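Peer 1: Handing you a structure now.
2 protein chains.
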Amino acid sequence: MPGRKPIKVALLGCGTVGTEVVRLLTDQAADLTARVGAPVELAGIAVRKPNKHREVPAELLTTDVDALVESDVDVVVEVVGGIEPARTWLLKALKAGKSVVTANKALLAEHSGELFEAADAAGADLYFEAAVAGAIPLLRPLRESLAGDRITRVMGIVNGTTNFILSGMDSTGAGYAETLEEATRLGYAEADPTADVDGFDAASKAAILASLAFHSRVTAADVHREGIAGVSAADIAAAKGLGRTVKLLAICERVTDNGTDSISVRVHPAMIPRSHPLAGVNGAFNAVFVEADAAGEMMFYGKGAGGAPTASAVLGDLVAVARNKVVSGRGPRESAYAALPVRPMGHASTKYHISLDVADKPGVLSQVAAVFAEHDVSIAAVRQEGRVDDASLVIVTHAATDAALRSTVDKIGGLPVVREVVSVMRVEGEES
Amino acid sequence: MPGRKPIKVALLGCGTVGTEVVRLLTDQAADLTARVGAPVELAGIAVRKPNKHREVPAELLTTDVDALVESDVDVVVEVVGGIEPARTWLLKALKAGKSVVTANKALLAEHSGELFEAADAAGADLYFEAAVAGAIPLLRPLRESLAGDRITRVMGIVNGTTNFILSGMDSTGAGYAETLEEATRLGYAEADPTADVDGFDAASKAAILASLAFHSRVTAADVHREGIAGVSAADIAAAKGLGRTVKLLAICERVTDNGTDSISVRVHPAMIPRSHPLAGVNGAFNAVFVEADAAGEMMFYGKGAGGAPTASAVLGDLVAVARNKVVSGRGPRESAYAALPVRPMGHASTKYHISLDVADKPGVLSQVAAVFAEHDVSIAAVRQEGRVDDASLVIVTHAATDAALRSTVDKIGGLPVVREVVSVMRVEGEES
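Okay, here's the thing in structure tokens:
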């Protein structure tokens with residue numbers, strides 16, 4: 000399209016993802032021009048140490064982020080990560096009417112409201128497909144394809160590191176510490192794995208998914224978060240014995256109580272049946288299950304991280320934003336009109352799997368069962384197996400409030416006939 | 000949003016899908032208004048026999064399609080199906096600047112070029128998510144999320160009827176005719192099942208997928224099409240013996256030969272490994288596997304048909320189109336700039352599984368193998384099993400051109416030592 004004014008892009012950050020963005024922008028320049036209706040031109044790349052980036056054109060590198068953002072660029076692409084200074088840069092860009100494409104889940108999970116308001120005031124676009132589940136087109140379907148439906152549940156594996164570790168524990172029977180070490184050695188876990196193994200990364204993604212699915216502002220602080228450090232080889236073995244496997248799940252649910260809707264949003268390990276579509280998602284892959292009133296069940300599966308997959312998502316957004324510039328259009332804005340409240344975890348409805356070592360004498364089951372009854376928790380299945388001198392007792396509950404289930408477990412742990420609470424884990428993905 | 004002028008919608012057709020569209024528009028009116036930024040108002044429903052539609056408001060029904068399309072509506076939603084008169088109606092709507100949402104795969108697979116041109120000339124939108132894979136958000140990801148990537152392959156199960164029949168044959172061992180009868184009885188196959196079982200429906204969808212994935216105009220006539228009527232219990236048994244299952248696949252491939260790209264697009268039954276993600280897609284579900292250079296492998300899974308799922312996809316498009324009206328924006332236009340040629344089926348690269356009944360005497364394998372060598376087809380695996388008086392010989396080839404494989408099979412069928420060609424089927428979904 001000769002004569003069409005190019006869409007000028009500022010890239011903030013040039014790590015694994017940024018380098019891939021530069022490569023795709025260069026390799027696919029002709030295709031992108033045809034798809035956008037105008038050339039897409041990289042105007043500058045902001046980095047901290049220009050001499051460390053020999054793989055990108057030196058003349059584009061700058062350390063002056065503010066000058067780059069304030070220059071005549073049309074779009075700012077941010078792949079730096081972290082809340083500050085990314086927040087300040089992107090607010091500046093949006094206020095100046097520049098559209099923003101970002102892969103920054105932490106920032107979106109904290110400050111999406113502020114960013115959307117700035118975008119809206121200036122008529123700019125804010126896209127962030129790469130922030131959740133890497134290359135898997137997931138946010139656009141939630142924001143747009145399902146915009147005419149009522150989403151009831153989003154449940155997914157959105158963190159590759161923890162999925163790699165849990166898949167490994169499941170296949171080798173090894174413990175958590177040992178498997179984490181292996182994951183670190185292979186480069187699947189970072190030197191400081193906290194953000195992944197403690198569920199912070201997944202919680203940010205859960206907040207973003209819940210916001211979009213339920214048209215409400217949900218931040219990372221609203222998300223109940225439990226990591227995988229407490230998952231033991233015994234938990235995995237217990238799951239196996241029941242035809243289940245353990246996954247770290249991000250769960251966003253619409254809960255309707257007496258006609259009033261609220262949201263439960265949480266990240267925790269859970270047993271799911273091996274027949275569930277998410278059970279087969281192994282290693283560094285991500286997958287997200289979505290349920291909507293009219294559409295029914297859907298699953299989205301693909302690579303959740305990595306330079307090239309994440310860059311693919313960034314480029315898809317960049318094409319959308321650039322097309323909007325060309326036709327003077329606008330992408331979808333924030334949709335938070337429903338403003339549903341987030342319920343505390345204690346009020347969430349869950350099911351527990353509890354595995355106990357108990358004394359092998361008469362009356363044990365009745366004592367344990369009495370505690371469940373007392374807390375109004377109904378039992379779905381029991382398996383008791385005698386051993387030489389003690390017995391193992393496995394109980395799976397029906398759905399109850401998480402608070403009732405926790406109190407039940409606490410009280411059972413204190414019963415004299417209970418030698419050890421071997422494993423306590425939530426159960427998901429089953430018909431109630 | 001009080002005071003905002005409503006977006007007026009004309010609905011053409013009120014069968015299973017149309018009725019659900021009306022229901023969702025009514026039930027979710029408040030949500031839709033909030034999501035769109037203006038009320039979405041049903042202005043009229045065109046049907047042939049108004050007295051047969053007691054489930055929708057009588058005052059909206061009309062038999063005069065032209066008057067409805069020519070009235071002051073903003074969007075025309077078409078769920079009638081078939082090429083004419085839908086084509087004439089939608090061209091008229093688009094030419095008058097009205098945006099169109101359609102679920103009509105046959106029409107899109109034949110006339111998308113003409114429709115897009117009319118939309119473009121008038122600045123109107125053309126959306127058709129519901130035309131392929133029902134409720135699964137698939138076209139929007141292809142058109143938008145992956146717009147910055149290079150898609151290399153789309154392979155999917157896009158017809159529920161044939162998948163129901165093949166799943167049934169696989170689980171019961173019954174033959175095709177018997178299983179089709181069962182599917183008809185249960186309502187999974189229509190009285191005249193031709194469009195499904197002969198692959199016409201899947202071929203229309205393949206054409207649409209190939210057009211979007213490869214930025215080229217591909218019509219149903221370009222698609223090589225084989226249905227499932229020739230799939231025998233012997234084929235299914237042969238597949239099972241090799242840890243495979245048989246699926247009707249729609250396959251769209253980018254083929255690069257000496258730096259020049261072309262497209263292979265085809266619908267045919269094929270064996271896939273039971274470990275492949277598509278192998279677990281049973282019954283009336285659809286799933287589509289997409290491979291792109293940067294994003295890697297992705298899968299989209301969900302309900303492929305039915306009133307509510309299809310209506311969900313229609314509503315998602317309607318919200319997008321209505322939002323575009325509100326912000327004076329535009330959705331993505333036709334992207335056919337690449338104009339890649341479609342290669343004839345004979346030039347497609349495929350692998351065959353061939354099962355033969357042969358005489359049990361020395362030299363049989365060498366005679367058969369010689370025919371493969373003669374056609375330059377290399378053999379990946381052979382399994383020979385002697386029986387009382389004859390033997391079974393199973394051969395799986397490496398990839399070769401379909402023409403070479405066909406000639407090989409023809410010639411082998413004529414060898415005196417070959418008593419019967421028991422099963423010939425393509426093999427997909429394996430590493431080459």
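Chains A and B supply the protein sequences, listed in that same order.
Note that numbering that gives the first Met the number 0 has the first sequence beginning at 0, numbered continuously upward.
Note that numbering that gives the first Met the number 0 has the second sequence beginning at 0, numbered continuously upward.
Even for Gly, the Cβ is constructed at its ideal location relative to N, Cα and C.
All figures in this text were calculated on a predicted structure; none of them were measured in a lab.
Please list the residues of the stretch 365 to 395 of chain B that have a C-beta atom closer than 9 Å to any C-beta atom in chain A, keeping them in chain order.
Peer 2: none
Peer 1: Return the chain-ordered list of same chain residues with a C-beta closer than 6 Å to the C-beta of residue 419 (chain B), the five sequence neighbours on each side being excluded.
Peer 2: 356
Peer 1: Compute the beta-carbon to beta-carbon distance between residue 78 (chain A) and residue 165 (chain A), rounded to the nearest angstrom, for a pair I have assumed lies under 8 Å.
Peer 2: At roughly 28 Å, the Cβ-Cβ gap does not stay under 8 Å, so residue 78 (chain A) and residue 165 (chain A) are not in contact.
Peer 1: Which residue marks the beginning of the beta strand (DSSP E) containing residue 9 (chain A), and which one marks its end?
Peer 2: Unbroken beta strand (DSSP E) run through residue 9 (chain A): 6 to 11.
Peer 1: Would you mind telling me which residues of chain A sit closer than 9 Å to residue 317 (chain B), beta carbon to beta carbon, in chain order?
Peer 2: By Cβ distance, chain A contributes 146 and 147.
Peer 1: Once DSSP output is grouped into helix, strand and coil, what is the label at residue 200 (chain B)?
Peer 2: helix
Peer 1: Three or more C-beta pairs under 8 Å: does that hold for the stretch 164 to 181 of chain B against the stretch 315 to 322 of chain B?
Peer 2: no
Peer 1: Which residues in chain A sit within 9 Å of residue 250 (chain B), going by Cβ to Cβ distance?
Peer 2: Near residue 250 (chain B) there are no residues of chain A at all, since even the closest Cβ is about 19 Å away, more than 9 Å.
Peer 1: Have a look at residue 0 (chain B) and residue 31 (chain B) and give me their C-alpha separation to the nearest angstrom.
Peer 2: Bear in mind that a pLDDT of 45 at residue 0 (chain B), under 50, signals an unreliable position, so the model cannot answer this.
Peer 1: Report the partner residues of residue 168 (chain A) according to the DSSP bridge assignment.
Peer 2: Residue pairing for residue 168 (chain A): DSSP places it in no beta bridge.
Peer 1: Would you call the stretch 129 to 142 of chain B and the stretch 349 to 368 of chain B touching, i.e. three or more CB-CB distances under 8 Å?
Peer 2: no
Peer 1: Does residue 301 (chain B) come within less than 9 Å of chain A when only Cβ atoms are used?
Peer 2: yes
Peer 1: Quick one: list the residues of chain B neighbouring residue 336 (chain A), beta-carbon separation under 7 Å, in chain order.
Peer 2: Residues of chain B passing the Cβ test: 33.
Peer 1: If you drop the 5 nearest sequence neighbours on each side, which residues of the same chain put their C-beta closer than 6 Å to that of residue 402 (chain A)?
Peer 2: 345
Peer 1: Would you call the CB atoms of residue 21 (chain B) and residue 45 (chain B) closer than 9 Å?
Peer 2: no
Peer 1: Check the Cβ of residue 168 (chain B) against every Cβ in chain A and list those closer than 7 Å, keeping chain order.
Peer 2: Those do not exist, as residue 168 (chain B) stays about 21 Å from chain A at its closest Cβ, beyond 7 Å.
Peer 1: Below 8 Å, how does it come out for the stretch 151 to 168 of chain B and the stretch 187 to 202 of chain B: are there three or more Cβ pairs, yes or no?
Peer 2: yes
Peer 1: Can the beta-carbon of residue 277 (chain A) be found less than 9 Å from the beta-carbon of residue 298 (chain A)?
Peer 2: Yes. Within cutoff.
Peer 1: Any beta carbon of chain A sitting closer than 9 Å to that of residue 344 (chain B)?
Peer 2: By this cut-off, residue 344 (chain B) is not an interface position.
Peer 1: Which partner residues of residue 383 (chain B) appear in the DSSP bridge assignment?
Peer 2: B:392
Peer 1: Ordered along the chain, which non-local residues of its own chain (more than five positions away) have a Cβ less than 8 Å from that of residue 328 (chain A)?
Peer 2: Around residue 328 (chain A), the same chain offers 322 as residues with beta carbons nearer than 8 Å, after the five sequence neighbours per side are excluded.
Peer 1: Tell me the start and end of each unbroken alpha helix (DSSP H) in the stretch 305 to 381 of chain A that is at least 4 residues and wholly inside, in chain order.
Peer 2: 306 to 325 and 363 to 373
Peer 1: Thinking C-beta only, is residue 15 (chain A) closer than 9 Å to residue 306 (chain A)?
Peer 2: yes
Peer 1: If distances are taken between C-alpha atoms only, which option among A:69, A:111 and A:108 comes closest to residue 96 (chain A)?
Peer 2: A:69
Peer 1: Any Cβ of chain A within less than 9 Å of the Cβ of residue 69 (chain B)?
Peer 2: no
Peer 1: Helix, strand or coil for residue 187 (chain B)? Go by DSSP, reduced to three states.
Peer 2: coil
Peer 1: How about residue 270 (chain B): is its C-beta nearer than 9 Å to some C-beta of chain A?
Peer 2: No, its Cβ sits nowhere closer than 9 Å to a Cβ of chain A.
Peer 1: Give me the Cα-Cα distance between residue 139 (chain A) and residue 411 (chain A), rounded to the nearest whole angstrom.
Peer 2: 46 Å
Peer 1: Do you know offhand how far residue 102 (chain A)'s Cα is from residue 304 (chain A)'s?
Peer 2: 11 Å
Peer 1: Taking DSSP as the reference, what is the three-state secondary structure of residue 256 (chain B)?
Peer 2: strand
Peer 1: What residue range does the alpha helix (DSSP H) around residue 89 (chain A) cover?
Peer 2: 85 to 94
Peer 1: What residues from chain B crowd round residue 207 (chain A), counting only those whose CB sits closer than 7 Å?
Peer 2: Per Cβ cutoff of 7 Å: no residues; residue 207 (chain A) is ~16 Å from chain B at best.
Peer 1: Answer yes or no: do residue 274 (chain A) and residue 352 (chain A) have a C-beta to C-beta separation smaller than 9 Å?
Peer 2: In this structure, residue 352 (chain A) does not lie closer than 9 Å to residue 274 (chain A) by Cβ.
Peer 1: Near residue 124 (chain B), what residues of its chain come up, given a Cβ to Cβ distance below 6 Å and the 5 sequence neighbours on each side ignored?
Peer 2: 98, 320, 323 and 330
Peer 1: Looking at residue 152 (chain A) and residue 27 (chain B), is the spacing between their C-beta atoms short of 9 Å?
Peer 2: no
Peer 1: For residue 129 (chain A), is the classification buried or exposed, using 16 other Cβ atoms within 10 angstroms of its Cβ as the cut-off for buried?
Peer 2: buried
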